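Q:
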Amino acid sequence: MTMAEANNPHPYVGMWVTDDGHVRHELLANGRYDEARGNRESAYQGNYRITGNHIDYVDDTGFTADGEFIDDVLYHGGMVLRRKSPN
Numbered sequence: 872m873t874m875a876e877a878n879n880p881h882p883y884v885g886m887w888v889t890d891d892g893h894v895r896h897e898l899l900a901n902g903r904y905d906e907a908r909g910n911r912e913s914a915y916q917g918n919y920r921i922t923g924n925h926i927d928y929v930d931d932t933g934f935t936a937d938g939e940f941i942d943d944v945l946y947h948g949g950m951v952l953r954r955k956s957p958n
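Mapping to the numbering used here: the sequence shown position 73 is 944, numbers consecutive.
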């Protein structure tokens, strides 16, 4: 991660959570993500790339997925994730 990325992370960096809290995507400033499912922390990890409002994921096993940010909501794999405010 460059100093510029550390000081000015992408606006979508942060935690995104389904309404029931079961799926949690943490988009890290270094282009990595960490997805938790239920009680399983770090269920999936990998890299992501954001182009405009589109996100492409490649997990560490090579599986790919994508999603769209619309009105500060992430639509991914049939799920709706909302930004979780930092406490």
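Each residue gets a CB set at the ideal place from its N, CA and C atoms; glycine is no exception.
All values derive from a computational prediction rather than experimental measurement.
According to the neighbour-count rule (16 or more other Cβ atoms, all chains shown, within 10 Å of its Cβ), is F940 buried or exposed?
A: Residue 940 sits at position 69 when you count from the first residue of the sequence shown. Answer is buried; the Cβ neighbour count reaches 16.
Q: Bridge partners of G938, per DSSP?
A: In the sequence shown, residue 938 corresponds to position 67, counting from 1. Answer is I926 and H947, bridged to G938.
Q: Quick check: the Cα distance between H881 and D927, rounded to an integer number of angstroms?
A: Counting from one through the sequence shown, the residue named residue 881 turns up at place 10. Counting from one through the sequence shown, the residue named residue 927 turns up at place 56. Computed Cα separation, rounded: 14 Å.
Q: Within 10 angstroms of its Cβ, does G938 collect 16 or more other Cβ (buried), or is it exposed?
A: The count along the sequence shown starts at 1 and reaches residue 938 at position 67. It counts as buried.
Q: Can you check DSSP and say which residues form a bridge with N918?
A: Position 47 of the sequence shown, counting from 1, holds the residue named residue 918. R903 and V929, per the DSSP bridge assignment.
Q: Could you please give the first and the last residue of the uninterrupted beta strand (DSSP E) stretch that includes G892?
A: Counted from its first residue, the sequence shown places residue 892 at position 21. Where G892 is concerned, there is no enclosing beta strand (DSSP E), given that its DSSP letter is neither H nor E.
Q: Hey, how far is the Cα of V951 from the Cα of R920?
A: Start at 1 with the first residue of the sequence shown, and residue 951 comes out as number 80. Start at 1 with the first residue of the sequence shown, and residue 920 comes out as number 49. Each residue's Cα considered, the two are about 19 Å apart.
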